[in-house]
Amino acid sequence: MTTNHRPYIGAGNATQLIHLPANIAGYLYRSFLGQAISVWAIYHLLRVVNSHISQRKQNNWVQAPPWDTLTELVLLTGGSSGIGNQVMRDLSRLHIKTVILDVQEPKQPLPDNIFFYNVGLTSSTAIAETATQVRRDHGSPTILINNAGVGSVGSILEEPEENIRRTLEVNMVSHFWTVKELLPDMVKSYHGHIVSIASMASFAGLNGMADYACTKAGALEFQESLSQEIRHLYGARRIRTSIIHPMWVHTPMLDSLLSSGAQFKSPTLAPESVSAAIIRQLMRGNGGQVIIPASLGFASMLRGLPNWLQEVMRDRSSRQLTSL
């Protein structure tokens, strides 16, 4: 009496495939390959459809007119260094008139279409007065880029009150004052784009940088609330809002953190790559959320993960920023 044994192919016994007849092995391989291609195609199609729907919804299902570089006026906070300085130079090369608000004087001569106003962003009065002067000198800005940012390393117990307040006011509270000044004219003209520069810290708290992380999470919530108000309170469906979340960027602020004893175990981005993404968002006339690099797009889903996995992700971020 003989017993027929059916060949078994499992994860741990993949090598048994070589013992099957060539025609059967070929069929199984083609079947597996076909299924893999089908899964990939469906996944890719769903991503494309999801991206299209998200973009349309974030832009109120309305296509804005093409960007006119000759008539747009950009107001950029923190344009004297770092990301802002690169954005300013890229805008200048596109012949776009840009106004910089910064407490730090530019280190190099400015192009003819760039104008600098010295103003401290911690003062709502100073911002209001400067905005009035900008309107007198150049007209109403059509694009606002809230870029100015500061940061320092220190635990919640160690960080001086002065540093905490400055970080909160420059990185987040100033957004209220600039929007209060510029949004009314955007609503009247039914045209405008408001961009906030946040970071990946919008999605996860940072060890030793609680104030900074709070401002970036706050910038995200501010931008979401602003979008809702523009849509539902003012019905200005062609005004765009965008929020940019770059990973660590090699800027003077990062240099300052490193000099204070911080170590970064993750790679940093160049200001040029971040600026390019911002300019691309403006030129397309679309609002939305931009994560840089795009490969880290999954980070926006962090708070939807199980709590234990959220903690694992936060632990990983904290290990990337350690004090000597």
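In terms of numbering that gives the first Met the number 0, the sequence shown opens at residue 0 and continues consecutively.
Just so it is clear, CB atoms sit at the ideal spot from N, CA and C, and this is done for glycine as well.
Item: Per-residue burial, Ile144 [other beta carbons within 10 Å of its own, 16 or more giving buried]; Value: buried
Item: Sequence-distant residues of its chain with Cβ nearer than 6 Å to Ile193 (five each side left out); Value: Leu143, Thr240
Item: Cut-off 6 Å between Cβ atoms - residues of its own chain near Gly77, not counting five sequence neighbours on either side; Value: Gly83, Asp101, Asn146, Ala147
Item: Leu75, enclosing beta strand (DSSP E) - first and last residue; Value: 72 to 76
Item: Where the beta strand (DSSP E) through Pro245 begins and ends; Value: 238 to 245
Item: Assigned secondary structure, Tyr189 (DSSP; H/G/I helix, E/B strand, else coil); Value: coil
Item: Residue interval of the beta strand (DSSP E) (run including Lys96); Value: 96 to 101
Item: Span of the alpha helix (DSSP H) around Leu219; Value: 209 to 231
Item: Cα-Cα separation between Leu109 and Asn306, rounded to whole angstroms; Value: 49 Å
Item: Straight-line Cα distance separating Thr177 from Thr267; Value: 29 Å
Item: Rounded straight-line distance, which links the Cα of Ala35 to that of Gly234; Value: 46 Å
Item: Span separating the alpha-carbon of Gly204 from that of Ser316; Value: 8 Å
Item: Residue closest to Ala209, alpha-carbon to alpha-carbon, out of Arg237, Glu160, Phe221, Asp136; Value: Glu160
Item: Ala40, buried or exposed, once every other Cβ within 10 Å from all chains shown has been counted against 16; Value: exposed
Item: Collapsed DSSP secondary structure at Val248 in the structure displayed; Value: strand
Item: Beta-carbon contacts of Val311 that lie in its chain and below 7 Å, excluding the five residues immediately before and after; Value: none
Item: CB-CB length for Gly81 against Thr141, believed under 8 Å; Value: About 23 Å; that fails the 8 Å criterion.
Item: Status (buried if at least 16 other CB within 10 Å, exposed otherwise) for His244; Value: buried
Item: Inter-residue Cα distance where the pair is Val86 and Leu75; Value: 9 Å
Item: Cβ neighbour criterion (16 or more within 10 Å) applied to Phe297; Value: exposed
Item: Between the CA atoms of Ser30 and Arg88 - distance to the nearest angstrom; Value: 54 Å
Item: Neighbour-count burial assignment, Val152, 16 or more Cβ in a 10 Å radius; Value: buried
Item: Alpha carbon of Val169 to alpha carbon of Leu120, nearest angstrom; Value: 6 Å
Item: For Tyr42 and Gln52, the rounded distance between their alpha carbons; Value: The question names Gln, but residue 52 is Ile in the sequence shown. When rounded, the distance between both Cα atoms is 15 Å.
Item: Neighbourhood of Met252 by C-beta, 7 Å cutoff - its chain only, sequence neighbours within 5 removed; Value: Gly81, Gly148, Val149, Gly150
Item: Within 8 Å, strictly: CB atoms of Ile95 and Glu71; Value: yes
Item: Residues of its chain near Ser79, where Cβ-Cβ distance is below 8 Å and the 5 sequence neighbours each way are ignored; Value: Ile99, Asp101, Gln103, Glu104, Pro105, Lys106, Phe115
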